[in-house]
Each structure stands twice: as structure tokens, then as C-alpha cells.
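Have a look at the structure below before the remarks.
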């Protein structure tokens with residue numbers, strides 16, 4: 001997502017958490033002044049054909065493959081599922097493609113098109129998968145779904161058939177008040193989850209306030225019926241056993257608050273605070 005506020009630089013190491021026997025979280029975060037700390041998650045699905053879901057922030061100091069190497073040998077990765085090609089999801093993408101020569105990049109026609117405006121995408125390594133289609137990765141299948149909330153037309157999440165976890169991309173996100181919470185392993189530790197998710201929906205999917213709530217809810221129901229064993233958002237600590245809570249918060253997005261970002265006067269005040277007395 002291209003955030004309306006200006007993130008400051010954080011030198012925080014990725015945190016590694018085992019979420020389920022088959023899923024490892026590599027959690028980073030970005031500080032957004034006035035809003036808190038936005039989780040930025042990468043997931044490794046330890047399947048017969050291992051999958052990496054998204055590739056982290058694009059800050060120059062990041063070493064995504066080095067961090068990933070603490071969890072899995074990059075050469076063993078067979079699939080890179082890019083939920084969408086925003087800069088907070090593609091930081092280590094081409095580094096990983098080089099380190100994982102057998103890996104295929106899962107995206108959409110639109111996703112590849114967006115990336116091609118900035119990078120030379122190796123089309124022979126791209127695998128197009130649309131919502132409703134499935135990918136066999138040996139011991140399970142990944143079925144693609146468009147999450148109810150998204151900020152990029154290429155967004156595609158998925159549910160994996162063996163454990164039942166749902167990887168939701170930006171949907172179900174929310175900023176946290178501290179970096180430790182943002183990089184945590186359980187969203188139950190977060191205070192005021194509803195406010196965080198409503199704020200994120202207003203920032204990341206402002207179009208939700210303009211849609212017919214009945215039509216919007218019709219996009220939520222098929223995902224709710226999947227009954228995920230875990231909801232793994234790119235921008236929220238992992239959620240297990242909280243399906244009703246998270247789906248209800250997303251369903252409220254059309255009636256949520258409007259977000260208006262800082263204006264130039266606020267930026268000038270922020271810059272002045274950095275100047276020596």
C-alpha cells in the first residue's frame with residue numbers, strides 16, 4: 001500500500017514465530033507517525049512444495065533472503081505467492097527469485113502488468129492464478145480468493161486445504177500502538193482491535209464507504225463460510241479462534257470513519273520538530 005502518511009525509518013529485526021506446525025511468520029513493521037506501527041508480515045507455508053507469501057518491505061537496509069534463511073533454505077522454495085505488487089510486499093522478491101531458482105511467482109495478469117512498469121518480470125517463472133482457481137503443491141491445494149477489502153486490483157489471497165489457514169493480504173489489517181505488538185504472534189494481545197481495523201479499512205480501502213453494504217456483505221459471506229483455522233493478514237498479528245470478531249469488523253467497513261491524512265501544515269510542524277533547537 002502507498003500510505004498517505006510518511007513512515008519513519010526503523011531498524012528493527014524481523015521476528016520469527018511458529019504459528020501452526022506448517023506456518024512460520026516473519027514479522028516486520030513500519031512506523032506511521034500519528035497512527036502507530038503497521039505489521040508487515042511474510043509467511044512460510046512448509047508444504048511438500050514450500051511457499052513464501054509476500055516478501056517484505058523495500059527499505060534498502062533489509063536483507064529479506066538472509067532473514068528467510070533462518071526459517072528455510074531459500075533454494076527449497078517452490079512457490080512465491082505475491083498477494084499484490086505493492087512495495088511493502090515486494091521488498092525481497094527479486095532477491096528471492098535469484099536465491100530460489102526453482103520457484104515460480106504466483107500472481108495475476110494485472111499483477112504482472114503493474115510490476116512490468118518498474119521491473120523486468122521473468123514471465124517464464126510467472127504463474128497466473130485467478131480467484132476461484134487452485135494450485136496443487138503436493139500435499140495440499142491452495143485455492144485463490146479475493147479478500148473483501150483490498151487496495152490493489154491484483155490482490156488475491158488463498159486458503160490452504162490441509163490446515164485451513166486463510167492468507168488474506170491487506171484485509172483484516174490494523175496498526176498497533178507499539179512495535180512489539182505489531183510484530184507479535186497473537187492479535188489477542190492487541191488493545192482495541194476494532195478501532196485499529198476500522199482505521200485501517202478507512203486508510204487502505206476508502207472505497208468501502210461508497211459501496212452498497214448489502215453487495216459488500218455478499219463478498220464477505222463466501223470467505224466467512226470457509227471457516228478458516230487462522231486468519232493470516234499481511235498487516236495484523238495472526239488471528240486464531242477470532243473469525244466472528246474479524247469478519248464482523250470487516251463487515252462494518254461501509255459504515256466506518258473517513259480518514260483524512262495530515263496536510264502540509266502538519267508536515268511543516270513535523271519537519272520543524274526534527275530541527276535542532
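In the UniProt record's numbering, the protein residues as written are 1 to 277. Cβ coordinates follow ideal geometry from the N, Cα and C atoms, glycine included.
DSSP three-state label for residue i, please.
i, result
"residue 41", "strand"
"residue 140", "coil"
"residue 119", "coil"
"residue 36", "strand"
"residue 20", "strand"
"residue 106", "strand"
"residue 72", "coil"
"residue 197", "helix"
"residue 46", "coil"
"residue 185", "coil"
"residue 53", "strand"
"residue 298", "The displayed coordinates of the chain run from 1 to 277. Any statement about residue 298 would go beyond what the structure contains."
"residue 8", "With a pLDDT of only 43 at residue 8, under 50, the local geometry of the prediction cannot be trusted, and no value is derived from it."
"residue 97", "helix"
"residue 273", "helix"
"residue 283", "Residue 283 is absent from the model: the chain starts at 1 and stops at 277."
"residue 60", "coil"
"residue 30", "strand"
By DSSP's criteria, residue i is part of a beta bridge. Which residues make up the other side?
i, result
"residue 224", "None; residue 224 has no bridge partner."
"residue 169", "233"
"residue 126", "105"
"residue 157", "145"
"residue 25", "17, 43"
"residue 135", "142"
Taking C-alpha atoms, which residue in the options lies nearest to residue i?
i, options, result
"residue 148", "201, 25, 259", "201"
"residue 51", "203, 25, 62, 110", "25"
"residue 258", "248, 61, 210", "210"
"residue 234", "187, 224, 191, 216", "187"
"residue 221", "181, 251, 122", "251"
"residue 103", "87, 113, 127", "127"
"residue 180", "166, 150, 107, 237", "237"
"residue 96", "116, 207, 85, 66", "66"
"residue 131", "106, 115, 120, 138", "106"
If you draw a straight line from the alpha carbon of residue i to that of residue j, how long is it in whole angstroms?
i, j, result
"residue 35", "residue 174", "10 angstroms"
"residue 262", "residue 228", "37 angstroms"
"residue 92", "residue 56", "6 angstroms"
"residue 123", "residue 143", "22 angstroms"
"residue 152", "residue 273", "34 angstroms"
"residue 100", "residue 76", "7 angstroms"
"residue 4", "residue 47", "Unreliable placement is indicated for residue 4, whose pLDDT of 41 sits below 50; the coordinate value is still reported in the next sentence. If I take the Cα positions, the gap works out to 37 angstroms."
"residue 230", "residue 118", "34 angstroms"
"residue 90", "residue 206", "23 angstroms"
"residue 171", "residue 232", "9 angstroms"
"residue 19", "residue 27", "11 angstroms"
"residue 84", "residue 109", "11 angstroms"
"residue 242", "residue 70", "29 angstroms"
"residue 86", "residue 223", "23 angstroms"
"residue 32", "residue 271", "15 angstroms"
To the nearest whole angstrom, what separates the beta carbons of residue i and residue j, a pair I think is in contact under 8 angstroms?
i, j, result
"residue 29", "residue 21", "That belief does not hold up - the Cβ atoms of residue 29 and residue 21 are roughly 25 angstroms apart, past 8 angstroms."
"residue 43", "residue 23", "6 angstroms"
"residue 111", "residue 82", "6 angstroms"
"residue 53", "residue 167", "5 angstroms"
"residue 161", "residue 140", "5 angstroms"
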